[in-house]
Structures are given as structure tokens and as C-alpha cells.
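Residue numbers (my numbering): 1 to 410.
Taking it in order: structure first as C-alpha cells, then the write-up.
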Amino acid sequence: MIKLVVLASLLVSAYAAKSYSGYQVLRITPQSEDDLTVLSMVEKSISDMVDFWKHPRSVGIPVDIMVSSEYREVITRFIQTRGLKVEVMIDDVEKLSEQQKLRESPSTANFDFASYHELSEINDWMTSFAASHSILVSLENLATSYEGRTIRALKVGAPTGSTKPVIWLEGGIHSREWVSPAAMMYMTNMLVEGYGNDADITSMLDDFDFYMIINYNPDGYEYTWTNDRMWRKTRSNNIGRLCDGVDPNRNWDFQWGNAGTNPCADDYQGPNAHSEREVKEVTDFILGLNDVRVFIDFHAYSQMWLTPWGYTYRLPSDYTEQYTVARDAVNALSAVYGTDYVYGSIANTIYPASGSSVDWAYGVAGIKHSYAVELRDTGRYGFLLPANQIIPTAIETFEAVKVIVKAVTY
Ligand SMILES: [Zn+2]
């Protein structure tokens with residue numbers, strides 16, 4: 001039966017993008033430990049049939065579940081009969097995801113940062129942006145994806161003739177989190193436009209080289225446009241594996257092995273650490289760099305500024321400093337539009353997750369200021385954040401980045 005379902009879904013994916021017509025996102029907020037147990041039960045028993053946008057973690061923290069019309073009734077009834085309230089966050093996933101692709105002005109001369117773009121458009125933009133700002137910007141090839149795409153960075157910095165310390169910012173490791181690469185593009189543009197016009201940015205680019213990895217997971221991102229808007233993982237497969245893809249943010253070789261072991265789940269850690277070419281080659285690249293001072297991995301959604309560790313509740317020896325800098329960064333971010341963020345260690349703020357980029361960056365590469373950021377929003381739109389929030393997201397996030405860069409300037 002399972003095989004038949006997989007076969008059917010393969011056939012569908014070969015011909016058309018998956019439709020999310022009739023899908024809703026439900027929010028359930030556990031009010032007690034008992035509620036939490038019910039939700040964890042639901043997660044364990046039917047995680048193959050529904051998509052947990054936000055997993056159960058603690059009392060008072062909402063859980064978001066995307067369900068098809070087929071399962072909506074039965075799941076809602078199951079949860080309601082156990083005394084929990086079910087709220088509809090997104091009434092029509094398909095409609096919202098279509099709206100995300102609309103363009104305000106499809107044919108402007110300048111690049112339209114206020115729209116989401118297909119992979120080819122992002123790549124074209126990176127190429128032309130580097131070419132038209134060649135004094136400050138160059139293109140760097142970091143790695144090759146499973147399907148053979150080049151993972152590139154825009155390296156941004158003033159030419160000084162000497163090697164400078166590095167600020168590493170990466171977007172799009174989880175492909176359905178579209179606001180991440182979109183905000184990365186806008187922040188890259190802010191850096192370049194600000195040079196010579198803004199004193200902070202000018203000294204940032206004089207002192208550092210920024211590696212802006214706009215879209216870490218190009219295979220997954222392409223797939224979100226062509227086949228399945230809700231794809232999160234890489235697109236790799238090993239012969240005999242029931243489902244495609246590995247969660248590239250559970251595959252890094254530091255304390256690897258305590259994340260998902262089901263190849264069909266969204267948090268599948270892979271058959272071994274660094275099984276994903278994307279992860280293996282990017283980590284090699286980072287280890288080849290001299291003096292990386294900051295590592296930030298941008299995700300969505302939840303509005304959180306997260307510090308190591310992810311693999312354990314224990315706090316690292318640099319926690320006080322990491323926490324203080326995260327707090328200052330969040331305060332600067334919130335000062336722009338009043339967007340609320342929470343901050344703290346990954347395990348204590350979300351839940352333990354091993355094999356993540358941030359743990360590797362801190363634990364192996366020794367980058368003290370390593371952060372995972374969950375960008376907007378808190379669930380009104382979730383992964384389907386409207387395009388008119390891209391630029392405000394980038395502008396507020398950039399203020400936080402400035403605080404962190406200042407903290408490592410010495
Ligand atoms: Zn993510």
C-alpha cells in the first residue's frame with residue numbers, strides 16, 4: 001500500500017506540480033503536559049500524512065500542522081475530542097502560494113527585490129550584480145549540488161590587498177523558506193549601496209569580506225517552484241531509499257546522528273554525516289577560509305535568534321557572550337518596525353536538533369558567533385510569507401547583522 005502511494009505520488013510529480021488545493025494549516029496550542037502528549041502522539045503516528053510546520057515543543061508554544069482536506073476532519077476531531085482547541089491559520093494553502101508568485105511590476109529595468117524569484121532569475125541576478133559592482137563584489141563557487149548545480153557566494157568587501165576576516169551569511173538551506181534567499185539578496189544590495197554612503201557599512205566592508213550564500217540548496221529551491229512548494233530537503237537519493245532528500249541542516253558532522261532516521265521525514269539526517277555533497281563541500285570551503293568571525297544561517301519562520309547548542313540542552317562556555325550579542329542584535333532588529341524576536345540556545349528555545357550548521361560552525365570551525373535565525377513571521381503566513389514583507393524583513397535583519405559585525409570588530 002505504501003509503495004503504491006509512493007508510486008502514485010511519483011507519477012503525479014512527473015507531470016505537474018503538486019497542488020495544495022484544499023490544504024489548511026491548523027494551529028493547536030498545548031495548554032498542559034497532557035496536551036503536549038496528545039500532539040506528540042499525533043506527530044509520531046501520522047507524520048507521513050501531514051506536514052508539521054511547527055513541531056510540538058512545550059506548553060504554551062503553538063504547533064502548526066498542514067493537512068489535506070482528506071485528513072483535516074479526522075485529525076481535527078481527534079484533537080478536539082481530547083479537549084484541545086484547533087484554529088485555522090491558513091484556510092487555503094494553494095491560494096496563498098499562488099499569491100506569493102504574483103509580481104507587482106514584471107518588467108522593470110531594475111531587479112525587483114520585492115518579489116520572489118525562480119532559481120534562474122536569482123542566478124542571473126548574482127552574475128550581473130557581481131559584474132556591475134566588480135570593485136566590491138566577486139562570484140565564488142563553493143560547491144556542487146547533487147543535481148550538478150553550482151552553489152555560489154557573492155563575496156563583498158572593499159579591496160585592500162590583504163586577507164580580511166570573514167563574515168559568513170547563508171540563506172535557503174531549507175528550500176521552502178523562500179524569504180531567506182530573498183532577504184539575502186536585498187541585504188547584499190544594501191551592503192553594496194551603502195559603501196561610501198553609510199559610515200557603518202563602509203567600515204564593515206573595509207574591515208571584512210562578506211560571503212553571501214544567497215541560496216544554499218538550489219536543487220531543493222528549484223523543486224519548490226516546479227514540483228512541490230513545501231519541499232525542504234536536498235534532492236539526493238541512494239538506491240533503495242524509499243524517499244528522496246536529506247535535511248541539509250541535520251547532516252553536518254558535529255554530534256551528528258540524533259535527528260530523524262526516517263528517509264521520508266522532513267528532518268531526515270541522511271545515511272551518514274556529510275552524505276550530502278552540498279554540506280561536505282561547503283564545510284571544506286569554510287575550513288579553507290582564514291579567520292571566519294561570524295556564521296549566520298537564515299531560516300524561516302518563527303522570529304528567533306538562536307545560539308549554540310542544538311544537540312544538547314547544555315550551554316557552551318561562550319554562551320554568555322553569544323546570548324548578550326544575540327540580545328543586542330534582536331533589540332536593534334525590533335527597533336526598526338517593532339518585530340518581536342525571541343533568542344537563546346537552539347535546544348532550549350526550540351528543541352534539540354543534532355547535525356545542524358550552527359553547531360558545526362561553532363563546534364568544528366570554532367566560529368564563536370554562530371547563529372541560526374528564523375525570520376518572519378510567527379505563523380500568520382508561515383512559509384508563505386507575502387512578497388511585500390521581503391524588503392522590511394531584510395531591512396530589520398540587517399540592523400541585527402550590523403550589531404554582530406560590530407561585536408567582532410577589533
Ligand atoms: Zn529552516
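The beta-carbon is built from N, C-alpha and C at its ideal position, and this holds for glycine as well.
Rounded to whole angstroms, what is the Cα-Cα separation between residue 355 and residue 347?
12 Å
Cutting at 7 Å between CB atoms, please list the residues of its own chain near residue 5, excluding the five before and the five after it.
Per-residue confidence for residue 5 stands at a pLDDT of 49, beneath the threshold of 50, marking its modelled position as unreliable; no derived number is given.
What is the DSSP secondary structure of residue 270, counted as helix, strand or coil?
coil
Please name the residue in 189, 118, 204 whose C-alpha comes closest to that of residue 220.
118
For residue 366, which option in 317, 152, 131, 120 has the closest C-alpha, if you only look at C-alpha atoms?
317
Contact test: residue 118 Cβ vs ligand 1 heavy atom, cutoff 8 Å:
Because no heavy atom of ligand 1 lies under 8 Å away, the Cβ of residue 118 does not count as near it: no.
The beta strand (DSSP E) that contains residue 417, what's its start and end?
In the structure as shown, the chain begins at 1 and stops at 410. Residue 417 is therefore absent and cannot be evaluated.
To the nearest angstrom, report how far apart residue 127 and residue 27 are at their CA atoms.
41 Å
Length at least 3, wholly inside the region 273-352: the beta strand (DSSP E) runs in chain order
Entirely contained in the region 273-352, the beta strand (DSSP E) runs reaching 3 residues are, in chain order, 292-300, 304-307, 342-345.
At a cut of 8 Å, does the region 288-296 reach the region 329-342 through at least three beta carbon pairs?
Flag = no, the region 288-296 and the region 329-342 do not touch.
For residue 32, which residues from the same chain have a beta carbon less than 7 Å from its beta carbon, with the 5 sequence-adjacent residues on both sides left out?
59
In DSSP terms, what residue 152 is bridged to:
141
Using the C-alpha atoms, what's the distance from residue 264 back to residue 2?
Bear in mind that the predicted position of residue 2 carries a pLDDT of just 49, short of 50, making it unreliable; the figure below should be weighed with that in mind. So the two alpha carbons sit approximately 11 Å from each other.
Option in 399, 207, 352 with minimal Cα separation from residue 257
Here the closest residue by C-alpha is 352.
Locate the beta strand (DSSP E) running through residue 371, then write down its first and last residues.
369-375
Presumed contact (8 Å Cβ cut-off) between residue 405 and residue 208, rounded CB distance
With 8 Å as the limit, residue 405 and residue 208 qualify as a contact, their Cβ atoms being about 7 Å apart.
What separation, rounded to the nearest whole angstrom, lies between the Cα atoms of residue 140 and residue 205?
17 Å
Length of the line joining the Cα atoms of residue 322 and residue 16
Rounded to whole angstroms, the separation of the alpha carbons of residue 16 and residue 322 is 45 Å.
Taking all protein chains shown into account, decide if residue 121 is buried (16 or more other Cβ within 10 angstroms of its Cβ) or exposed.
exposed
Is it true that the CB of residue 224 sits closer than 9 Å to the CB of residue 162?
no
Between the region 271-281 and the region 236-248, are three or more C-beta pairs nearer than 8 Å?
In the pairwise beta carbon analysis, the region 271-281 is classified as touching the region 236-248: at least three pairs are separated by under 8 Å.
Using only the heavy atoms of ligand 1, determine whether one of them is closer than 8 Å to the beta carbon of residue 94.
no
When every heavy atom of ligand 1 is checked, does at least one fall within less than 8 Å of the C-beta of residue 300?
yes
So, is residue 337 buried or exposed, given that buried needs 16 or more other C-beta atoms within 10 angstroms?
By the Cβ-count criterion, residue 337 is exposed, with fewer than 16 other Cβ atoms from all chains shown falling within 10 Å of its own Cβ.
Near ligand 1: residue 177 beta-carbon under 8 Å from a heavy atom
The answer is yes for residue 177.
Who are the Cβ neighbours of residue 393 in its own chain at under 7 Å, not counting the five residues just before and after it?
Within the same chain, residue 393 has close Cβ partners 179, 183, 375, 376.
Sheet register partners of residue 211 (DSSP bridge)
155, 168
Using 8 Å as the cut-off, classify the Cβ of residue 249 as near or not near the heavy atoms of ligand 1, replying yes or no.
Yes, the beta carbon of residue 249 sits closer than 8 Å to at least one heavy atom of ligand 1.
Go through its chain and collect everything with a Cβ distance to residue 94's Cβ below 8 Å, but skip five positions before and after it.
Around residue 94: 19, 20, 21, 22, 23.
What did DSSP end up calling residue 173 once you bin it into helix, strand or coil?
coil
Using a threshold of 8 Å, is the CB atom of residue 57 nearer than that to any non-hydrogen atom of ligand 1?
Set against 8 Å, the gap from the CB of residue 57 to the closest heavy atom of ligand 1 is not smaller.
Going along the chain, which residues of its own chain have a beta-carbon closer than 6 Å to the beta-carbon of residue 13, five neighbours each way excluded?
Note that residue 13 scores a pLDDT of 47, beneath 50, so its modelled location is shaky; the value from the coordinates is reported in the next line. Cβ contact annotation for residue 13 (same chain, cutoff 6 Å, sequence separation greater than five): 227, in chain order.
In its own chain, which residues sit with a C-beta less than 7 Å from the C-beta of residue 152, not counting the 5 before and 5 after it?
126, 139, 140, 141, 142
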